[in-house]
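Asks: Right, I'll just put the structure down here and ask away after.
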Amino acid sequence: MAPEAPTRIHAVLTSADAVRAALVELSDESKAAQVARYLRAVPGGYGEGDRFRGVPVPQVRAIAKRAVLDDDELERLVAGPWHEERMAALCVAVAQAKRISRLLGSKRAQRDPDSQAVQEALARREELGRRYLDWVGRDLVNNWDLVDTSAEHLVGAWLLVPLAGAQGLPSRITDLIASSNVWERRVAVMSTFASTRAGTDWPTYAAARQLLDDPHDLIHKAVGWMLREAGKRVDEASLIAFLDQYAARMPRTMLRYAIERFSPEVRAHYRSLRV
């Protein structure tokens, strides 16, 4: 599928260098220092070594909306040394993935699933997903904000939403869960948001069961958040059943995030189960 041109009347950005120049125009050193601290890009932090322009995310997204990049230029942008460049590249890829999801969910696609347009969309979705997992493996998607912007749309919509009533995670997801790279594990967790939004919650619980003993706080937060969303958007009874079975084993932060929407009495009950 060819990239779509932006509908808003702005100068179209057709190269990685053009996107970079637009980001430089909005750079702010004081904000860059603040963001670096927030995303732990400090000695010993999980974001150590990253560099920031200090461009707020809404402005990065606005720049990405103006970008029409072929795959080579997208690759150049995501491989850049600045955090905002990688965020912009991910926003461009996510916009493509969202257009594909809308096309595949359309009545026309449902009526004619073997049409050339549908097959091209499926192929492009897979290509975007494979590229994204390569970026993650190369440590280009290297902080939680980058993961949370992208994993649902570039991995979840590709690998999990089509499973519907199946009950086994794909090997690509289980490989991510087993990874020593915290960002790959967070991608696995956050990808389940796509299936939750589509009304299917079992991928969230399947991933959560495999990550109960994960040592990293960023995984505890992500799993707890996705559990809470599964209970909120799909079926609260399933969340309660999961908590009844696993609350005693769950890390404190994971449990706290998962039970956030419950009453004070229910939250106190589940906290009391932790050993």
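In terms of our numbering, the sequence shown opens at residue 39 and continues consecutively.
The beta-carbon is built from N, C-alpha and C at its ideal position, and this holds for glycine as well.
Do you know offhand how far Leu-311's Cα is from Ala-285's?
Replies: As a first step, residue 311 is located in the sequence shown; it is residue number 273 there, counting from the start. As a first step, residue 285 is located in the sequence shown; it is residue number 247 there, counting from the start. Each residue's Cα considered, the two are about 6 Å apart.
Asks: Do the stretch 201-209 and the stretch 177-193 make contact, defined as three or more Cβ pairs closer than 8 Å?
Replies: The stretch 201-209 vs the stretch 177-193: no contact.
Asks: Quick check on Arg-58: does DSSP put it in helix, strand or coil?
Replies: In the sequence shown, counting from the first residue as 1, residue 58 sits at position 20. It is helical.
Asks: When we look at the beta-carbon of Ala-105 and count the other beta-carbons within 10 Å, is it buried (16 or more) or exposed?
Replies: As a first step, residue 105 is located in the sequence shown; it is residue number 67 there, counting from the start. That one is buried.
Asks: If you drop the 5 nearest sequence neighbours on each side, which residues of the same chain put their C-beta closer than 7 Å to that of Glu-164?
Replies: Counting from 1 along the sequence shown, the entry for residue 164 is found at position 126. These residues qualify, in order along the chain: Trp-196.
Asks: Smallest Cα separation from Leu-249: which of Ala-236, Pro-81 and Leu-265?
Replies: The sequence position of residue 249 within the sequence shown is 211, counting from 1. It is Leu-265 whose Cα lies nearest to the Cα of Leu-249.
Asks: If you follow the alpha helix (DSSP H) that Ile-215 is in, where does it begin and where does it stop?
Replies: Locating residue 215 in the sequence shown gives position 177, counting from the first residue. Per DSSP, Ile-215 belongs to the alpha helix (DSSP H) from 209-215.
Asks: Out of Tyr-295, Asp-255 and His-258, which has the shortest C-alpha to C-alpha gap to Ala-269?
Replies: The sequence position of residue 269 within the sequence shown is 231, counting from 1. Checking the sequence shown, residue 269 turns out to be Gly, not Ala. Cα-wise, what sits closest to Gly-269 is Tyr-295.
Asks: Taking 6 Å as the limit between beta carbons, can you name the residues of its chain near Arg-46, skipping five residues before and five after?
Replies: Working through the sequence shown from its first residue, we reach residue 46 at position 8. A caution first: Arg-46 carries a pLDDT of 47, below 50, which makes its placement in the model too unreliable to give a value.
Asks: Grouping DSSP H, G and I as helix and E and B as strand, with all else coil, what is Ile-47?
Replies: Taking the first residue of the sequence shown as 1, we reach residue 47 at position 9. Below a pLDDT of 50, predicted positions are generally treated as unreliable, and Ile-47, at 48, falls in that range; the measurement from the model is reported next regardless. Residue state, collapsed to three classes: coil.
Asks: Tell me the DSSP secondary structure of Arg-299 in three-state form.
Replies: If you number the sequence shown from 1, residue 299 lands on position 261. Coil.
Asks: What do you get for Asp-313, buried or exposed, if any count of 16 or more other CB atoms within 10 angstroms of its CB means buried?
Replies: For the purposes of this step, residue 313 is taken as residue 275 along the sequence shown, with counting starting at 1. Note on residue identity: the sequence assigns Val, not Asp, to residue 313. Exposed.
Asks: Is there contact between the stretch 171-179 and the stretch 232-245, where contact requires at least three CB pairs shorter than 8 Å?
Replies: They do not touch, by the three-pair rule.
Asks: Thinking C-alpha only, which one of Asp-110, Gly-143 and Lys-145 is nearest Val-130?
Replies: Start at 1 with the first residue of the sequence shown, and residue 130 comes out as number 92. Checking every option, the nearest Cα to that of Val-130 belongs to Asp-110.
Asks: Quick check on the burial criterion: 16 or more other C-beta atoms within 10 angstroms. Buried or exposed for Glu-318?
Replies: The question about residue 318 has no answer here: the residues shown for the chain are numbered 39 through 313.
Asks: Can you find a C-beta in chain C that's less than 8 Å from the C-beta of Val-272?
Replies: Looking for chain C here will not work: only one protein chain is present.
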